[in-house]
Amino acid sequence: MNLPIREHVVTVHNINKFNYLCQLCSKSYDTINSVKAHYVACRRQRDASSTTDVATNVTSNNQLAVNNNQVILRNPLQCIECQMKQVDFCAKDTKALVTHMRTKHAAAYEESKKVATKRVAWSPDEDQILAELEVKLKKMQKGQLLSRLVVEYNKCAVKSKAPSRSKDAIRTRRQQHEYKLLLRSLQSQQLSDDSECSDSDISSSNNNPVTTTHNVTPTPDPSDVGLLIQKIRESVDSIVKIANLKLNTNMLNAANAFINQDNGIDPLELSMRGIEEDVKAIRDKELQKPTRSAPSSTSSGKSTRNAKRLEKLKKYGYYQHLYYNNKKKLVAEILDGETSGAKPPPMNLVEDYYKNIWSRSTIDDSPVNNIKTVNSDSIFAPISRDEIKLALSNTKKDSAAGPDSVTIKEAKAIIDNLYVAYNIWLGVQGIPEQLKLNKTILIPKGNSDLSLLKNWRPITISSIILRVYNRLLAYRMNKVFKTNDKQVGFKPVNGCGINISWLHSLLKHARLNKNPIYACLVDVSKAFDSVSHQSIVRALTMNGAPSLLVKLIMDQYTNINTIITCSGSISNKINISSGVKQGDPLSSLLFNMVIDELFDVIKDQYGYTIDNIGTTNARCFADDLTLISSSRMGMNKLLELTTEFFKERGLNVNPSKCMSIGMSKGYKGKKSKIESEPLFSIADAQIPMLGYIDKTTRYLGVNFTSIGAIDAKRIKKDLHDTLDKLEHLKLKAQCKMDLLRTYMIPRFMFQLIHTELYPKLLIKMDILIRKLAKRILHLPISTSSEFFYLPFKEGGLQLTSLKEAVGLAKIKLHKKIMSSNDPMLCYLIESQRSRIIEHFMKDLKLGDSLTLNEMDNIKECFMKEKRISFAQKIHGVGFEVFSSSPLTNQWINGEIKTMTTRTYINSIKLRTNTLETRVTTSRGLNIIKTCRRCHVADESLMHVLQYCSSTKGLRYSRHHRICAKVANKLMKNGYGVYREKSYPDPNNSGSYLRPDLIAVKDGHVIVLDVTVVYEVTGATFINAYQTKVNKYNTIMVQIEQMFNCVSGVLHGLVIGSRGSIHHSQLHIWHQMGFSSTELKYVAIGCMEDSLRIMSTFSKAIL
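For the sequence shown, the positions run 1 to 1102 when the UniProt record's numbering is used.
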């Protein structure tokens, strides 16, 4: 109550006592100062209470109405959402309640947020659109400008579902100084563009250029184009004169026709005949080789017990067959749920569907502006033999053959003819007509409805001869033509990692700073199959390609056909008038060049701006385009520009497969509200909105929510489920370990690298993987962790440590991004992810000054630490020997099909000293460890395999088998072999020495004595060898005299009982004629004999 009112009440109404009530809580106070002091605290409490009430959907007076006659008081910190589900949850404070709502009831939490709808501030995008409309309307000069401007602007606002503006609001905005500056800038830009267009029209009318069949004027050829072609002719002439070059008659005739420019002979046709002739000769030679007979399919005679066991064996056989023939299909079937018998629709529907796509030709008559200047002479340099070798080596060995069935192996065998043919094709700027026929196969996209053809991906495969040629051209063109840095697909960078980090960091930055942001993941329907061939010519021309290169490229897309093969059926020939061939090395570069112009169209306008840093609005990985804006109208404008650009290039955006993400600024800027309703549309078709954080969409292999990449804890759960499926899979243990190593772990590494997580979570995942490996191999829980990560060649299982691999990959990606020239991207990564990188650097004990070049040596440092640690543990006894003999460790990768699961598991236990004995099972316990058979020494592996009297006969058998293998090998090599011949010992009268083997050939004698030792260190082998030499050296003279030999040599053949051979003695085995493969099986045989000893020992105890 103010002072005049108080005086009036006292004087007129004779009231002298006053009570001051709080308007919020009706509490009474005697003085005005008291109520003023109370009001501030009361209002703060009311605001907090209202926030809680909105979040929990309760009434503002903290009461819950049960019916019209009864009111129940409710705790303001109680979650009403939980209470509705009969769950009693009460937070300790308001902050805890908000956190609970955000994590457990995301939808209710987002619905509780308010967004300002009145007096909304103008965004930079809205200013830009308003200024562009004004410039456009002034140019039309019709009617009152302000009225028309209000109408046109509000049309854009309604389409974007953005707040509309009144006439007064637009009038006021136009008077602002910053808007006037923007308007002047646009007007001056418009004047400069108009003058450039008029100049270009005048020049084109004067010059009257000759256009190509694609209505685009290519860059004129360089003046020395004739010199370039002449150099190729000279190169071909010098090639055919090389003495040791294997060229057939057709290829020589093709070379002569090209060199002499004989118009009556087609060098392309002759060169193709030469290639076909060589391929036919190779195949005829292969047919003459003897083939192995197929294994008998007769059953083993064992009867099946019941139908359940029969079903189990059938499933086991099916999975084993898939493992050895198509691992990718096995993984997809087990983990992704893809059906094994997935078939596309009937061939007639398939043919009509793709004929409609590929036979459609789009006219791209857009003007060509800003033609770049490049030096393309290097593209037409003569092709060297080394370039062809590089292209062949970079082509995968299992690459699918084209319609001519030529394999990469056959292509490597005819490299001499390819050397000539490729230079002829380059000089003529064309390819033979036979290579214009392609083969198309259909690959399912995931496990969606495969009855629809849109869920199949067509891969068009040309001849491998042409693919190697195009790979070579792609190498050259990539060095000449540079595309925008916003396009990272098919480039020698981690494009997926960069784009994922960019999108995640933008969404996180907007949420943390309470900024509005809108993203759209654009899906282009059949992008590679639909791009216009005229657009390819236009893109080449804009990038400065001369007409000679345009002719070379477009010859491959002239009169080109394909046949579709699926489900054993073959379609008729389909003419390809649009699209590029997926699977061809040149297609990715051509597609990138076409899409590259989009970034010149949208520039950096309508994007997301960070003050003093810059603006970003789009990035692309091949055809995966992502648009970003800070306003609804800006995003709508970007979509309009993008769809119009794609339409001109023969491409169509599929709104139903696109996905939008939106976060608007909350009331008074307190929070960001996730949008859940569709806001954008293309051709009146709405683009779905991702919505609350419980929904995800997949972007470049990583699942995203509306606030960024998914929580890594979800990945951990998926990993747990995947490992559980693998454990129960009907496969051999070694097959499971191979799938774990080559498919399962890499499957999750990509997601882990590109999501936010800390080392502690990766350590837990590593523990999950090691536990699974121990269960598969039946290893004790105490098995040393280092054994799982050591490489095969050193006797380990070669699993990947997620903590190290993911940590190093994150650090490497972070450093590469920070060294880029994009300040916006660098700022986002530095501000959002530096703390995580610091944690990994600290956990991996890496210095802050670590460079990218030094990171290549870090893995070896980690491995060195593991070697040292493992060698010091009980499970690493013998590691020194195993690690020095990679040859005898090859069985660990599980590729030896003859090794049974039981043998593989027990061999792993034998190598790690975990095979069950009293010592291994009672380590650390104070119990009796004496051998249960001989009762002489502790029952350890060494004792049982080397010293126990109960296994003496089995040890003799192991020794004799090795001697027999050595003797058989020596006899095959022409030696006369004598076994255990007795000679008197000169140093001990009455005793005789009996070396295991004496081999004689051409006056030379080899004395051999075999011994099996238990691997502890390398000195064990050296001492055993020296002992044998010292023992039999005294009788060498007698042996030489007996067999009339001029020279002789004495060796002790020492082999480890756990299947190893010391590296210092490998040359002895090789001198006797053992190949590496044979020596590997000798070591495995010794190890299997040791397992028989252990098995017999254990059964005898039982």
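Built from N, CA and C at the ideal position, the CB exists for glycine as well. Predicted, not measured: the structure shown is a model, and the values here were computed from it.
Buried/exposed call for residue i, threshold 16 Cβ in 10 Å
i       : result
LYS454  : exposed
ASN821  : exposed
TYR324  : exposed
HIS814  : buried
ASN913  : buried
ALA243  : exposed
MET971  : exposed
ALA1100 : exposed
LEU503  : buried
GLU7    : exposed
ASN470  : buried
PRO746  : exposed
LEU227  : exposed
SER751  : Per the sequence shown, residue 751 should be read as Gln rather than Ser. Classification of GLN751: buried, given that the 10 Å Cβ count is 16 or more.
THR783  : buried
CYS931  : buried
PHE646  : buried
Rounded separation between residue i and residue j - CA only
i       : j       : result
ILE357  : ASN703  : 31 Å
LEU1087 : SER785  : This sequence places Met at residue 1087; Leu is not what is there. Cα-Cα distance, rounded: 23 Å.
HIS13   : GLN23   : 24 Å
LEU540  : LYS314  : 56 Å
THR31   : SER672  : 42 Å
ILE564  : LEU639  : 35 Å
THR249  : VAL420  : 12 Å
ASN375  : ILE229  : 16 Å
HIS177  : GLY662  : 31 Å
ALA55   : TRP122  : With a pLDDT of 39 at ALA55, under the threshold of 50, the modelled position of that residue is not reliable, and no figure is offered here.
HIS1070 : THR1077 : 11 Å
TYR978  : ILE763  : 59 Å
LEU598  : GLY634  : 16 Å
Contacting residues, own chain, Cβ-Cβ under 7 Å from residue i (five flanking each side not counted)
i       : result
LYS231  : PRO382
ILE1084 : TRP891, GLY1059
PRO823  : ILE613, GLY614
LYS113  : GLY666, LYS671, LYS673
VAL580  : PHE528, VAL531, SER587, LEU590, PHE591
Residue i: CB within 7 Å of a non-hydrogen atom of the ligand ZN
i      : result
SER631 : This structure simply doesn't include the ligand ZN, nor any ligand for that matter.
Residues near residue i by beta carbon distance below 6 Å, same chain, minus five either side
i      : result
HIS214 : Bear in mind that the predicted position of HIS214 carries a pLDDT of just 43, short of 50, making it too unreliable to give a figure here.
PRO267 : ALA254, ALA257, PHE258, ILE424
GLN798 : PRO791, PHE792
MET818 : CYS826
THR697 : MET659, LEU690, PHE704
ALA709 : HIS504, VAL702, THR755
C-beta contact flag for residue i and residue j at 8 Å
i       : j       : result
LEU145  : LYS167  : no
GLN487  : ILE628  : no
ALA1024 : GLY1052 : yes
LEU335  : LYS725  : yes
VAL1012 : VAL877  : no
THR903  : LEU1091 : yes
ASP555  : GLN429  : yes
LEU729  : TYR318  : no
LEU779  : ALA712  : no
Residues of its chain near residue i, where Cβ-Cβ distance is below 8 Å and the 5 sequence neighbours each way are ignored
i       : result
SER299  : In this prediction, SER299 scores a pLDDT of 43, lower than 50, which makes its location untrustworthy; the coordinate-derived value is nonetheless stated afterwards. Cβ within range, chain order: n/a, list empty.
LEU349  : LEU453
VAL1005 : ILE998, ALA999, ILE1039, GLU1040, PHE1043, CYS1045, SER1047, GLY1048, VAL1049
GLU830  : MET818
LYS897  : TYR324
What beta strand (DSSP E) runs, 3 residues minimum, are completely inside the region 749-787? none
Which runs of the alpha helix (DSSP H) spanning at least 4 residues fall entirely within the region 421-496, listed in chain order? 464-480
Runs of 4 residues minimum, wholly inside the region 73-111: which ones carry the alpha helix (DSSP H) assignment? 80-84, 94-104, 106-111
If we require 3 or more residues per run, which beta strand (DSSP E) segments fall completely within the region 364-414? none
Any alpha helix (DSSP H) of 4 or more consecutive residues that is wholly inside the region 510-574: 527-530, 533-542, 547-554
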